[in-house]
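Working notes for the structure below.
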Amino acid sequence: MKVLPSKNLIGRVRIPGDKSITIRAYFLSLMHPVIVNNESLGRDARSGLKAIRKFGAMIMRYRGSLKLSPPKSNPKSVKIDAGNSATTARFALGWAASNGIDAYVYGDENLNSRKVGELEQDLNNWGAKIETNNGFFPVSTSNKIKGDFDLDIIPGSGTRKGALIIASANTGLNFSWKESPLSRDHSERMYAWADCWPKKRTNNEPVWIDIPSDASAFAVIACLASLTPGSRMYSKILTNKRRSGLLRLIEKIGGEVTVSKESEWPESIGTVGVNSKKDHLFRELTIKSQDLMDMIDEVPLAAILCSNSNCKVVFETGGMLGNKESNRLSSSCELVKSFGGDAEIKGDDLVIYGKENSIQGGILEDCSDHRIVLAAAVAGACSQNGVEIKNPETGNVAFPGWVETFKSLGVIIK
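Heads up: the sequence shown at position 365 corresponds to 401 in my numbering, and the numbers run straight through without jumps.
Okay, here's the thing in structure tokens:
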């Protein structure tokens, strides 16, 4: 499939439900009945749904929504295939450790090549028994956590923190933490709003959760709008500050972004519009740790955005990009250079030397990182000659139906 140079992309975009919040809602249902609307249908979210079913959750369709209820009893042992979803894998470890379930958590080639990270030590210190494959998935867990737990999370991690909040909510044990930089706060927002954390609620009425549209998927559209001539796109999406770093970057390099907030609790939601960039002044800036954390999943997109704008941007990554579906420090740099842009790595920093119309195009060979695939698609639309993508379906992990969405906006795809 080849994404060709495109322009005048105008319209309202329907964005699928946020997968991070969807998975959190699924795991909430292990503790309390939940009715979920607009859930993500992507592969990672499906892995989350399969995981809670393995743990005994009851799942049924209810008036077009998903009705999920806690298990009547916990399994003594379970095998969880988390697929590509590190969020599912880590949350499964937190849930198993809070119940003393013997669990074996594994995934696909991507997940099994990723480090479990500090969560292994966290749960061991809390009283569980965690055994990894030399620090990587697959992971086995046994024993039940006990006592209260206090932790410094550096650097911040939304999935690490979320797994421990699940364990705390289920057991009633206290979990307190400090983190820097601040990571996404969906878990504490949702579980506090549902009155399941820090103390579990007592009534059994289902909690209704409307999943907002995915901020990371809209980031793809935002870059597409900013980089293609005559374009204007908008959508009602999640506008959580910890997920809006890329929108702020678009503004910092001269792009046009409008945000009309509609709610702040339990999640920040609003209508966001992005117009084709008309400010062509050269800018030089540094993206430090907190701003980087706020676009942690969008760095490949950010690299393409900056590469095709008049700017020099230094991303101070502090080692935060290494434990993803690929090493996104090196893969983002190589992506820019392979399409004709100018980038380099200095220590842990990614430096983009941007210039308008610098992206020529090229070929993205088979790539297992969905964020790289989506960034390549945006590069094709704003390039001189187009970008051929060998496995476009990989992008559906983060943005289900992205090819159809691009076509509906007028992006030329062959």
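Note that the Cβ used here is the ideal one computed from N, Cα and C, for glycine as well.
{"Query": "Backbone CA spacing between L45 and A415 [nearest angstrom]", "Result": "15 Å"}
{"Query": "Nonlocal neighbours in the same chain, by C-beta distance under 6 Å from E352, ignoring five residues either side", "Result": "K324 and D385"}
{"Query": "H406 classed as buried or exposed, judged by whether at least 16 other C-beta atoms fall within 10 angstroms", "Result": "buried"}
{"Query": "Secondary structure of V4, DSSP reduced to three states", "Result": "A query on residue 4 cannot be resolved here, the shown segment of the chain reaching from 37 to 450 and no further."}
{"Query": "Beta-carbon proximity check, A87 vs A128, cutoff 7 Å", "Result": "yes"}
{"Query": "Neighbourhood of G437 by C-beta distance below 8 Å, restricted to the same chain and skipping five residues each side", "Result": "P52"}
{"Query": "L357 versus I332, V310, S343 and F375, residue with shortest Cα-Cα distance", "Result": "I332"}
{"Query": "Sequence-distant residues of its chain with Cβ nearer than 7 Å to A253 (five each side left out)", "Result": "I51, P52, A434 and F435"}
{"Query": "Cα-Cα separation, D54 to I247", "Result": "6 Å"}
{"Query": "Inter-stretch contact at 8 Å, needing at least 3 Cβ pairs: the segment 172-183 / the segment 135-155", "Result": "yes"}
{"Query": "Reference G192, options F172, W213 and S176, closest by Cα", "Result": "W213"}
{"Query": "Spatial distance of S304 from K197 (CA atoms)", "Result": "20 Å"}
{"Query": "Sequence-distant residues of its chain with Cβ nearer than 8 Å to N160 (five each side left out)", "Result": "I166"}
{"Query": "For A379, the residue or residues it bridges with in DSSP", "Result": "I388"}
{"Query": "Rounded distance between the beta-carbons of L321 and K288, thought under 8 Å", "Result": "6 Å"}
{"Query": "D188 versus F211: straight-line alpha-carbon distance, rounded", "Result": "11 Å"}
{"Query": "A118 beta carbon less than 7 Å from that of S83", "Result": "yes"}
{"Query": "DSSP bridge partner residues for F91 (one or two, in chain order)", "Result": "Partner(s): none; F91 has no beta bridge."}
{"Query": "Exposed unless 16 or more other CB atoms sit within 10 angstroms - verdict on E401", "Result": "exposed"}
{"Query": "Selected residue, minimal CA-CA separation from W116, among S109, R126 and P107", "Result": "Sequence check: residue 116 is Ile here, not Trp. That would be R126, whose Cα lies nearest to the Cα of I116."}
{"Query": "Proximity below 7 Å, CB of L147 to CB of A199", "Result": "no"}
{"Query": "Which of helix, strand or coil DSSP assigns to L66", "Result": "coil"}
{"Query": "Contacts around D144, its chain only, beta-carbon distance under 7 Å, and the 5 residues preceding and following it disregarded", "Result": "G119 and N120"}
{"Query": "Cβ pair K313, S262 closer than 7 Å", "Result": "yes"}
{"Query": "Supposed close pair S394, T430 - CB separation, criterion 8 Å", "Result": "Not really, about 25 Å apart at Cβ, beyond 8 Å."}
{"Query": "Neighbourhood of N240 by C-beta, 7 Å cutoff - its chain only, sequence neighbours within 5 removed", "Result": "P69"}
{"Query": "CB contact flag (R364, C347, <7 Å)", "Result": "no"}
{"Query": "Residues bridged to N73 [DSSP beta-bridge criterion]", "Result": "D246"}
{"Query": "Selected residue, minimal CA-CA separation from M482, among G291, S216, N432 and I201", "Result": "Here the chain has residues from 37 to 450 only, and residue 482 is not among them."}
{"Query": "W213 (DSSP reduced to helix, strand or coil)", "Result": "strand"}
{"Query": "Beta-carbon contacts of W244 that lie in its chain and below 6 Å, excluding the five residues immediately before and after", "Result": "I71"}
{"Query": "Simplified DSSP assignment, three categories, for N135", "Result": "helix"}
{"Query": "Nearest-angstrom Cα separation, counted from P107 out to K235", "Result": "19 Å"}
{"Query": "Buried versus exposed call for N206 [16 or more other C-beta atoms within 10 Å across all chains shown]", "Result": "buried"}
{"Query": "Cβ-based burial, N170 [other Cβ within 10 Å; buried from 16]", "Result": "exposed"}
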